[in-house]
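J.: In the working numbering, the protein residues as written are 264 to 493. Think of the CB as a built atom: it goes at the ideal place given N, C-alpha and C, for glycine as much as any other residue. Pasting a structure below so you can have a look.
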Ligand SMILES: [Mg+2]
Ligand SMILES: [Zn+2]
């Protein structure tokens, strides 16, 4: 027989897990930094709405760069807008096949184990703005992955070939890096869309990140307690 509840319906005190706050703190200390990676035009060459594994072409040097970053303790998460699903150009099952081939090739050819792949299957609104919380430049995929994989967003970066990728990183409280491969054509600027750094090759990007791992002053300026940027 279970013990009687008290009049307010609270659990008896002996049933409360008093160790929980300590466990919570321990987990907080183990939060990992992460590199969030855009897929098209950043990780692989951009073939619009492609789901054919045969057409996968990795950007030069990306496998070796990701291997270096993974060895240094960085989590690796792909975050990709895939409105082709909402538009009916391909199914989730077709995308899953491409995803499997992509992750398998990174394992086989570079020894890289991607921690997760987040995708937004939704369409933007008529003005091209996100109509969901996950489509970049919204930060939903990054925030969701951070919660599930115990990532430290303040020591993380998003890299992509458009300013929407940069903005998504900043909106998540992470750094925002532009991989300049021709994907950005509009160049709509705002403070959230200013890249922290711009790269045209993966080797330089990895060197930049390795120099900043564990450095809390990396990334975009943080807010201090009196509300001024430091
Ligand atoms: Mg892209
Ligand atoms: Zn979405």
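Return the CA-CA distance between residue 386 and residue 464, expressed in angstroms with no decimal places.
T.: The count along the chain shown starts at 1 and reaches residue 386 at position 123. The count along the chain shown starts at 1 and reaches residue 464 at position 201. Approximately 30 Å, taken between the alpha carbons.
J.: Looking at the structure shown, is residue 284 part of a helix, part of a strand, or coil, going by DSSP?
T.: Counting from 1 along the chain shown, the entry for residue 284 is found at position 21. The predicted position of residue 284 is uncertain, since its pLDDT is 49 and thus under 50; a value taken from the coordinates is nonetheless stated next. It is helical.
J.: In chain order, which alpha helix (DSSP H) runs of at least 4 residues are fully inside the stretch 431 to 483?
T.: Segments of the alpha helix (DSSP H) lying fully in the stretch 431 to 483: 465 to 475.
J.: Please state if the CB of residue 299 and the CB of residue 325 are separated by a distance shorter than 9 Å.
T.: Position 62 of the chain shown, counting from 1, holds the residue named residue 325. Position 36 of the chain shown, counting from 1, holds the residue named residue 299. The answer is no: Cβ separation not under 9 Å.
J.: Output the distance between the C-alpha atoms of residue 342 and residue 406, rounded to the nearest integer angstrom.
T.: To locate residue 342, count along the chain shown from 1; it is residue 79. To locate residue 406, count along the chain shown from 1; it is residue 143. Spanning the two alpha carbons is a distance of roughly 11 Å.
J.: Are residue 306 and residue 476 close, meaning C-beta to C-beta below 9 Å?
T.: Start at 1 with the first residue of the chain shown, and residue 306 comes out as number 43. Start at 1 with the first residue of the chain shown, and residue 476 comes out as number 213. Cβ distance not < 9 Å, so residue 306 and residue 476 don't count as in contact.
J.: Can you have a look at residue 454 and say buried or exposed, based on whether 16 or more other CB atoms are within 10 angstroms of its CB?
T.: Residue numbering aside, residue 454 sits at position 191 when the chain shown is read from its first letter. Exposed: under 16 other Cβ atoms inside 10 Å.
J.: Any residues whose CB sits closer than 7 Å to a heavy atom of ligand 1? List them in chain order?
T.: Here the residues come out as 301, 302, 303, 304, 305, 309, 423, 424, 425, 428 and 446.
J.: Near residue 321, what residues of its chain come up, given a Cβ to Cβ distance below 6 Å and the 5 sequence neighbours on each side ignored?
T.: Taking the first residue of the chain shown as position 1, residue 321 is located at position 58. The residues are 307.
J.: Check for me: the beta strand (DSSP E) holding residue 559 runs from which residue to which?
T.: Nothing can be reported for residue 559, as the shown portion of the chain is limited to 264 through 493.
J.: Does the Cβ of residue 411 have 16 or more other Cβ atoms within 10 Å, making it buried, or fewer, making it exposed?
T.: Locating residue 411 in the chain shown gives position 148, where the first residue counts as 1. Classification of residue 411: exposed, given that the 10 Å Cβ count is below 16.
J.: Enumerated in chain order, which unbroken segments of the alpha helix (DSSP H) with a length of 4 residues or greater are wholly contained in the stretch 317 to 403?
T.: Complete alpha helix (DSSP H) runs here, min 4: 325 to 334 and 355 to 373.
J.: Where does residue 428 sit, in a helix, a strand or coil, going by DSSP?
T.: Position 165 of the chain shown, counting from 1, holds the residue named residue 428. DSSP places residue 428 in helix when its eight states are reduced to three.
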